[in-house]
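The opening residue of the first sequence carries number 4 in my numbering; numbering runs sequentially from there. In this text, a Cβ means the ideal position worked out from N, Cα and C, and glycines have one as well.
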Amino acid sequence: MATAVVSSRLHIEPNLSQRRMFIAKTQASRKIQSHEPKIKHHYSKSNTINRGQVPRVESSVSSVSRLVSYVNSGCLENARHMFETMNKASTFVWNTMIRGLVDSGLFEEAIVLYCRMQFEGIKPDNFTFPFVIKACTGWFGLEYGQSVHSTIIKLGFDVDIYICNALIVMYAKVGCIEDSEKIFGRMFVRDVVSWNSMISGYVSAGDSSSSLLCLQRMHKFGVKPDKFSFIAALGACTLEGCLLSGKEIFCQVVRNGLELDSMIQSSIIDMFGRCGDVDFAERFCNRISQKNVVVWNSMIGAYALNDKPFKSFACLEKMQEDDVAPDIITLINFLPSCSKVGALLHGKTVHGYAIKMDFLSHLVLETALVDMYGKCGRVKWAERVFFGMKQRNLVSWNSMISAYVQNSNDREAIKTFQDLLNDSYVPNEMTFASVLPAYAEIALPKEGKQVHGYIYKLGVPLGIFLSNAMIHMYAKCGDLEAARKIFDSMLFKDVVSWNTIIMAYAIHGFGTHSSRLFSEMINDGYQPNSSTFVSLLSACSISGFLNEGWQYFNSMKRDYGLDPAIEHYGCMLDLLGRFGSFDQAKRLIEEMPLEPTSRIWGSLLAASRHHRNIELAEVAANHIFSLDNDNTGCYILLSNMYAEFGRWDEVARVRSLMKKQGIDKTTGCSIVECNGENLYFYGVSKFKPPDLIKTKGNSPACHSVRLAICLGLIGTKDDDGGSQLEFINGRCISDRISSKIGKFDRFIHRSFGDSGPSIQFKSTGPNNMVGSDCRENPRSRESLNLRSCTDVTM
DNA sequence: GTAGGGTTAG
């Protein structure tokens, strides 16, 4: 045996036959290593000699067992203290301390300790490396992992099956599955864990089919899969939501008599939940007599994922009735259900419970809280959690950006995005998908385009989610062509992609394009959803397609089994109102199976205004006033209508009502980007051409959108290099444009990018619009050089 | 006397 010791130490890089011998005698190999403490005895001696200088070194046997018990019980501080004061001559002591750090997730510290171990001349053994590799995996330290791998090869440990298995997992998790495959392929002996490491490695790499193939190959090689093989394979099915494969693995689990294992049970519930069969997950869960916290968590997560928030609430109750205490993961899985139904009280209770149980601070839980508060409309509370976090990662930043966007704090969202960049974070697909709607809402085409460029520069893949956000951004910023280009370049689309592009054409007044895209969508086999019809009906409403609007509305239930929701009725009312079909509109409201909201009455009110139907406006306004308090616009609209009819008493009554209720007039603001500069116009602006100053309250001089467009026209050049609109001594010299500015109340904007942007606007009424024909006949388009223009409420 | 697995936010 002494020879063997010498052999293992001298031959740093053993040849092939030696490697084979090494593996064949794994047990012997361990015995060799177990001799190490004896070999290291001289270190022990040297420490004994130094004891005079380090007085608090304790005797080795009792201290080692104390260190082990501290590490095993997770008392890391005690373990650390023990470790520093004890005799550190044996590799076992270092291994134990490194293990303790890894188990506590202190990967970096574990690696530092491993370096210190080498520095102090303690030789690592076959037990050291699995811990160190795990630390590299957890730390995502590929470079250091590779250097550890080379040390392993130098020391001849690259034949150790445990070390190889750990390396397979490490390379897979840091994104180098090819290296995992190489190691696996070169292994002389593989055990079930080697196979499992490959199966789960492919899952880490996002390659579900290779993972499942690996399970098949394992069978062929005569290796019997164990529960870990199936857990990994279930994870593979989960990756792409492949229910069929999931069911197949489930059958294999049953055939192997493993369905009573709690780890398997939670993986099965999770798989069915993620593959969309929550009913099966529920039935399976109900059959489990003794459910542990993980099983409950999986079920709560499955409900949350499948839009069953109330079942998620009930599940949490049952879990506690069963005397199973919710843990951190329970709360993390539960919070999305609160967000889904805006159950702020539930969310706050969870937050309180987390504080009471001392679960905070916890990075993931706090991020989930930021998300919940954001989705429940409490952006300030989301901020409070976010800024109070001890640790943040990219996901927490993304959640905060989303919270801002969801609550229309678009400028804050963009600022947070910039802060994230200044904090040296590298944004990911989710960051961009979260922040782009902010650029869309404020209509910042130049900045939006810069973000697109940054996405390209970083090489962030344009997945469906991000592509949809880009289509939306370009469409809202007026660049319909860029939006279409992204849509056309998408290899994979989903229903949201179609809905977004249909809506993009809709808001630009190209109703025929929206309609055509819907037909394409159906021909391509996509199933429309409720939002598809919102896009379509909006297209019909904006473009004034009354008959098509009715056709789509009626086909919702008849052809696609979709019940029209309140927003669909709203679109139809907009459409009917646009045509002045008030009888039909009233009938639709009476017949609708839903309680009319202020949105519905608001639609009727706006239509009454266009058609100067004061009686109907009063009816609609009274309904709105009885529904909620946030209806400033309705008060203003009604008051303006009374003013137009010269009913000044009514004007005074509405104004005093507003005053009584403490309602202030909100100020409309329009921004026009002209020659790279953003210019702001408010409802009553100082920018007033002298000839417009004396005009009435509703004149272009007081209309922020019109003022913004005027300035845009003055400040930019037309195709021949001349100004689009000139004022000479305060008078607009272009009657054609001046008449448009005076008439239009809706406008559509877009830009051509480098060749110079343009703006399209249209005037009131279904018969007098620059609509879908524009594209076919560019001459009919009001194409004016204007960087961008939008209308926002401050 | 030490080593490989599952349930986690967007």
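Cα-Cα separation between residue i and residue j, rounded to whole angstroms
{"i": "Gln453", "j": "Val382", "result": "27 angstroms"}
{"i": "Val388", "j": "Ile335", "result": "15 angstroms"}
{"i": "Phe468", "j": "Arg414", "result": "22 angstroms"}
{"i": "Val622", "j": "Leu608", "result": "8 angstroms"}
{"i": "Leu158", "j": "Tyr73", "result": "30 angstroms"}
{"i": "Ile35", "j": "Glu87", "result": "The predicted position of Ile35 is uncertain, since its pLDDT is 29 and thus under 50; a value taken from the coordinates is nonetheless stated next. When rounded, the distance between both Cα atoms is 27 angstroms."}
{"i": "Ala798", "j": "Val257", "result": "What the structure shows of the chain is the stretch from 4 to 797, and residue 798 is not part of that stretch, so it cannot be assessed."}
{"i": "Lys393", "j": "Ser402", "result": "16 angstroms"}
{"i": "Gly108", "j": "Glu181", "result": "26 angstroms"}
{"i": "Gly103", "j": "Gly77", "result": "7 angstroms"}
{"i": "Ala328", "j": "Met360", "result": "10 angstroms"}
{"i": "Gly141", "j": "Leu494", "result": "34 angstroms"}
{"i": "Gly801", "j": "Asn168", "result": "The shown model of the chain, from 4 to 797, leaves out residue 801, and the question about it has no answer."}
{"i": "Asp426", "j": "Gly451", "result": "21 angstroms"}
{"i": "Ile101", "j": "Asn129", "result": "13 angstroms"}
{"i": "Ile404", "j": "Thr419", "result": "6 angstroms"}
{"i": "Ile331", "j": "Leu368", "result": "7 angstroms"}
{"i": "Ala446", "j": "Leu597", "result": "34 angstroms"}
{"i": "Gln255", "j": "Glu262", "result": "10 angstroms"}
{"i": "Thr94", "j": "Arg189", "result": "28 angstroms"}
{"i": "Ile617", "j": "Cys543", "result": "26 angstroms"}
{"i": "Ala624", "j": "Arg658", "result": "14 angstroms"}
{"i": "Val344", "j": "Arg69", "result": "51 angstroms"}
{"i": "Gln530", "j": "Arg83", "result": "60 angstroms"}
{"i": "Cys288", "j": "Tyr306", "result": "12 angstroms"}
{"i": "Val151", "j": "Ser517", "result": "58 angstroms"}
Proximity winner among the options, relative to residue i (alpha-carbon distances)
{"i": "Ala416", "options": "Ser437, Val96, Asn431 and Ser427", "result": "Ser437"}
{"i": "Asn634", "options": "Arg602, Arg612 and Trp651", "result": "Arg602"}
{"i": "Met473", "options": "Gly462, Ser558, Leu540 and Phe490", "result": "Phe490"}
{"i": "Val296", "options": "Val367, Glu320 and Asn309", "result": "Glu320"}
{"i": "Cys379", "options": "Met493, Asn532 and Ser342", "result": "Ser342"}
{"i": "Met85", "options": "Asn98, Val71, Ser93 and Phe95", "result": "Val71"}
{"i": "Pro313", "options": "Ile101, Ile331, Ile291 and Ala346", "result": "One point to set straight first is that residue 313 is Phe, not Pro, in the sequence displayed. Out of Ile101, Ile331, Ile291 and Ala346, Ala346 has the C-alpha closest to the C-alpha of Phe313."}
{"i": "Asp497", "options": "Ala485, Arg519, Gly514 and Ile525", "result": "Ile525"}
{"i": "Phe548", "options": "Ile569, Asp566, Ser522 and Gly512", "result": "Gly512"}
{"i": "Asp566", "options": "Cys543, Ser544 and Asn532", "result": "Asn532"}
{"i": "Ala317", "options": "Ser340, Ser492, Ser518 and Val373", "result": "Ser340"}
{"i": "Phe134", "options": "Leu591, Glu570 and Val172", "result": "Val172"}
{"i": "Pro430", "options": "Val463, Glu444, Ile155 and Leu447", "result": "Val463"}
{"i": "Pro599", "options": "Gln664, Ala235, Ala620 and Leu576", "result": "Leu576"}
{"i": "Ala3", "options": "Ala371, Leu397 and Asn396", "result": "The requested residue 3 does not occur in the structure, where the chain is confined to residues 4 to 797."}
{"i": "Asp325", "options": "Tyr306, Gln293 and Thr352", "result": "Gln293"}
Distance between beta carbons of residue j and residue i, contact taken as under 8 angstroms
{"i": "Trp400", "j": "Tyr428", "result": "6 angstroms"}
{"i": "Cys3", "j": "Ile202", "result": "With the chain represented from 4 up to 797, any question about residue 3 goes unanswered, as that position is not in the structure."}
{"i": "Val813", "j": "Gln323", "result": "The structure shown does not extend to residue 813, since the chain is modelled only from 4 to 797, so the question has no answer here."}
{"i": "Ser538", "j": "Asn502", "result": "5 angstroms"}
{"i": "Arg487", "j": "Ile504", "result": "7 angstroms"}
{"i": "Asn90", "j": "Thr131", "result": "Not quite, the Cβ-Cβ distance comes to about 18 angstroms (not below 8 angstroms), so this is no contact."}
{"i": "Ala96", "j": "Val67", "result": "Correcting the residue type first, residue 96 is Val in the shown sequence and not Ala. That pair is a contact at about 6 angstroms."}
{"i": "Leu619", "j": "Phe585", "result": "6 angstroms"}
C-beta atoms of residue i and residue j nearer than 8 angstroms
{"i": "Arg612", "j": "Met661", "result": "no"}
{"i": "Gly355", "j": "Leu338", "result": "no"}
{"i": "Tyr508", "j": "Phe536", "result": "no"}
{"i": "Ser606", "j": "Gly636", "result": "no"}
{"i": "Gly583", "j": "His614", "result": "yes"}
{"i": "Met476", "j": "Leu439", "result": "yes"}
{"i": "Phe233", "j": "Ile252", "result": "yes"}
{"i": "Ser207", "j": "Lys230", "result": "no"}
{"i": "Ala92", "j": "Ala113", "result": "no"}
{"i": "Gly225", "j": "Asp273", "result": "no"}
{"i": "Cys278", "j": "Gly260", "result": "no"}
{"i": "Ala357", "j": "Leu363", "result": "yes"}
{"i": "Val281", "j": "Asn300", "result": "no"}
{"i": "Cys245", "j": "Ser211", "result": "yes"}
{"i": "Ser500", "j": "Ser541", "result": "no"}
{"i": "Glu432", "j": "Gly456", "result": "no"}
Query raised in the report: Does the region 145-164 come within contact of the region 185-198, defined as at least 3 CB pairs closer than 8 angstroms?
Result: Contact check between the region 145-164 and the region 185-198: three or more CB pairs, one atom from each, fall below 8 angstroms, which counts as touching.
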